[in-house]
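See below for the structure under consideration.
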Amino acid sequence: MRAHPADADPERVGPKDSATDGREPRCYEIRVRGPIGPTIMQAFPTLAERRSGQDTLLIGPLPDQSAVYGVIHQLEAVGLQLLEIRRLPTGDPEQPAQ
961 MRAHPADADP ERVGPKDSAT DGREPRCYEI RVRGPIGPTI MQAFPTLAER RSGQDTLLIG
1021 PLPDQSAVYG VIHQLEAVGL QLLEIRRLPT GDPEQPAQ
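Anchor point for the sequence shown: position 16 equals 976 in this note's numbering, and the numbering is continuous, going up by one each time.
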């Protein structure tokens, strides 16, 4: 049996993208359906919100892959519909100021 080949997609979150390997947190853009009110935004303290048409973008740093899954779980827990998750390139001009 052969192992899976290394994935060449730079946008894919790999096992080495964790806070424990000394890297800085990566910035993500998470698109959800509809508006998000201030009460629900409290569930995402490290993310900023920005409207994009009828959708909302949650943008901010996440330290590792488990944090990405944590946000996905939280979205589901508060009843938001996840549309897309993108890892933003380092130095992206759309990254929110920290």
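Glycine included, C-beta positions come from ideal geometry on N, C-alpha and C.
Remark: C-beta atoms of residue 1031 and residue 996 do not approach each other more closely than 8 Å. Under DSSP, residue 1008 takes part in a beta bridge, and its partners are 1019. In the DSSP annotation of this structure, the continuous segment of the alpha helix (DSSP H) that includes residue 1032 starts and ends at 1025-1037.
In this structure, residue 1022 keeps its C-beta atom at 8 Å or more from the C-beta atom of residue 1009. When only Cα atoms are considered, residue 1038 and residue 983 end up about 30 Å apart.
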